[in-house]
Structure formats: structure tokens, C-alpha cells
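In what follows, a single structure is set out as C-alpha cells and then discussed.
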Amino acid sequence: MRWEHEVAEHDTVSWSESEVSDLVAKVGALKASMARVIIGQEGVVDLLVTCLLAGGHALVEGVPGLGKTLLVKSLAQATDMQFRRVQFTPDLMPSDIVGTEILEEDAATRQRSFRFQPGPVFTQVLLADEINRAPPKTQSALLEAMQERSVTFAGQTHKLPRPFFVLATQNPIEQSGTYPLPEAQLDRFLLRIDVVYPTEDEEVAMVAMTTQSNLQDAEPALDLQTLLRLQQLVRDIAIGEHLLRYATRLVRATRPQETTVAAVKKHVGWGAGPRAGQALVLAAKARALMAGRLAVTREDIGAMLLPVLAHRVLRNFEAEADGVAMADILQAIRAEIRVD
193 MRWEHEVAEH DTVSWSESEV SDLVAKVGAL KASMARVIIG QEGVVDLLVT CLLAGGHALV
253 EGVPGLGKTL LVKSLAQATD MQFRRVQFTP DLMPSDIVGT EILEEDAATR QRSFRFQPGP
313 VFTQVLLADE INRAPPKTQS ALLEAMQERS VTFAGQTHKL PRPFFVLATQ NPIEQSGTYP
373 LPEAQLDRFL LRIDVVYPTE DEEVAMVAMT TQSNLQDAEP ALDLQTLLRL QQLVRDIAIG
433 EHLLRYATRL VRATRPQETT VAAVKKHVGW GAGPRAGQAL VLAAKARALM AGRLAVTRED
493 IGAMLLPVLA HRVLRNFEAE ADGVAMADIL QAIRAEIRVD
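The numbering of the sequence shown is this note's numbering, which starts it at 193 and goes up by one.
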């Protein structure tokens, strides 16, 4: 039995049932490998894997010490990808991220020429730690590379490795000396993931594991070609026309100038753009695949609504003053927008 999906007029991608089952099993093995290193945080791991399978990038918010670096490092280990970490600081320059040209002299001819020296962005998994501490020019250099999947320097375009996954972190508490990301740049992140404090039992287990002599690393659970196949399969997951329209209506309902949702009119200053609909559908497809399904459900879309829209919808001053959370606004939208 084969499952086929038409992607172009004369091009059909065909997936056998056994191949799909094997790929879904690989996703389970990936999460199990990370679970050997990460205590708790199952929801965060699920969203990280969802974002990776959807081919997007993630913005992670959480106070220091919650294991964000370990999360990303274990994901890179479990997928057998190259990992780099950059600590963003106010004096970080764009060339420190994307690379620069260096002058070299040929030993035989004594001729001098410039050679491009790639920066840390030329990796497969990049942790941009505290991205809001670098000035806007440096932020833009990274975000342009994220969007284009390439770096242009001195008129030459240099392709980034595939797959390419950026996880940028922000501290939601300490805002002094930071450069908040503009809404247009936030929109380039597929998901925003909130890392919360662990439970008491999880914290006890975490302390016990990290204070012993033999610390474990995540074991590779899939190779790069398998990951690329998974990313292709995500895009081939089926979604009905009625669910596409439902996802689009949810996004459009965040715009106060055209919505009928009272909570949005009262508490939202600016709504999400069309890219949010694309992100919502892709994330829902990835979630469906992780659950072993080849079609998106309404629940998939609902589950991805907050991580997709949390950084794309701007609350107004009244919402801040009244303590209205983004989750409350999105819940009001879900209650009013129905599936045809």
C-alpha cells in the first residue's frame, strides 16, 4: 500500500506505509534519546521537535538555568547534527555571526587574495543565546540568514547547511540593556516556546543526575537524510480545505480592525500577518505526523495556536494593565471561530 501526494503537475511524491511507519518510529526514538538527558519538559521537547520537523526556527523564553542550552545540544546530538552556540552581547558584530573575508598570500606566487571565512552561522543547529542583547544590525544579520538560508558577502552567496535550525533565547525578566526584536523579525520564528520551572520531583531528579560523575549524552536516533525525509513528509501531510480555512480565520481574527471577537478589539493593538497562517498549518502538520497521523485535525491546529501566535500578536496597553494574557485572547478566538 502506498500513499501518494501530488506536489506538481507532473511530480508525485509516493510514500509506502512501511516507510511512513518507520519515519514516525524514528521521531519517537528521537524524543526518547532526548529524554535520557532532559528531565521533564516534555511539552518543550515536543515543540522543539515539531519546529524542527516543520523546517522552522524557534524563539525560546525562559529565565536562566532552566536547561535551554542542554535542550538544544541534546537535540543536535540525537539528530547527529553539528551544533554551535553564540552568546549575544552588545559588542557583537554581524561579521561575528555570518563570517568575514581574510587576506591570504599564496606561498608560491606571493599573490594576495581575499578568502571568505565562514562564521558560526554555518552549522546545522545554532543556539543564539540572549539574542535581544545584541544591537539590531547584528540581529538582522542572523535573521536574514534564517530567512534566506544563505549568506551574501562581497557579492558572493554562500549556502547554509541543510538542515538549518536556529533556536534563539530571551530572558523575559531582565530587560535592561537589551534590544527587543521588532515584530517583523519576530515573525520569522515559526514558534515561540516558553520554558517553565520544573516540578519538585523533576528538579530533584535533575539535581541528582547533574551532580554525578557520569553525565550522559543523547545518542543519535536518526541521521540527516532521515531528518530531511521527515521534513518532506511533513509538507506532504494532508489537510482539508475546511481546516485550511479554519486556520486562516483564526489568524485573521487576531486583527482588531477586521475581527468580531470582542477580546481582540479591546486588548490587541496589532494582529498576525499571513505568514502566521503558513506557520500554523506547517506546525499542525508536524504535530499530526508526531502522533502517527497522515492528516491534520482541528485539535492539531488548536494545540499550535499559542506557540505560533504568541510572538506575532501585539497586546495593547489596556491588556497589559488588566493582566490579560495572550492565552486568554486566543482562547476567546477559538471559542468564537468555528470549523465549517
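Where is the CB? At the ideal position from N, CA and C, for every residue including glycine. Note that the structure is a prediction, hence the values are computed from the model and not measured.
- The alpha-carbon of M518 is positioned some 51 Å away from that of L295.
- Annotated three-state conformation of I294 is strand, per DSSP.
- In this structure, L425 and L215 form a Cβ contact; the two beta carbons are roughly 6 Å apart against a cut-off of 8 Å.
- V313 is positioned such that its CB atom lies no closer than 8 Å to that of L284.
- The criterion of a C-beta distance shorter than 8 Å is not satisfied by P448 and G465.
- Of all alpha-carbon atoms in T330, T489, I385, the one lying nearest the alpha-carbon of V236 is that of I385.
- Only residues of its own chain outside the window of five on either side were considered, and among them I231, P390 have a CB closer than 7 Å to the CB of M398, listed in chain order.
- Taking one beta carbon from each stretch, the stretch 271-280 and the stretch 448-460 have fewer than 3 pairs nearer than 8 Å; the two do not touch.
- A distance of 8 Å or more separates the beta carbons of I429 and K351.
- Taking the C-beta atoms as reference points, T242 is found nearer than 8 Å to R479.
- If only uninterrupted alpha helix (DSSP H) runs of at least 4 residues are considered, those enclosed by the stretch 247-297 are 260-270, 286-290.
- The DSSP-derived three-state label of G369 is coil.
- With respect to R504, L378 sits close: the two C-beta atoms are nearer than 8 Å.
- The criterion of a C-beta distance shorter than 8 Å is satisfied by P364 and E253.
- Each residue's CA atom was taken as its position, placing L258 and V387 some 7 Å apart.
- L407 is classed as exposed because its beta carbon has fewer than 16 other beta carbons within 10 Å across all chains shown.
- Around the beta-carbon of L442, 16 or more other beta-carbon atoms lie within 10 Å, marking it buried.
- Per DSSP, reduced to three states, the secondary structure at F356 is coil, with no helix or strand assignment.
- Within the model, the alpha-carbon separation for V343 versus D272 is close to 24 Å.
- Where D386 is concerned, the enclosing beta strand (DSSP E) starts and stops at 383-386.
- The alpha helix (DSSP H) runs of length 4 or more contained entirely in the stretch 367-454 are, from start to end of the chain, 375-378, 392-402, 416-428, 433-444.
- DSSP places L498 in the uninterrupted alpha helix (DSSP H) bounded by 490-501.
- One Cα belongs to T370, the other to Q331, and the distance between them is close to 12 Å.
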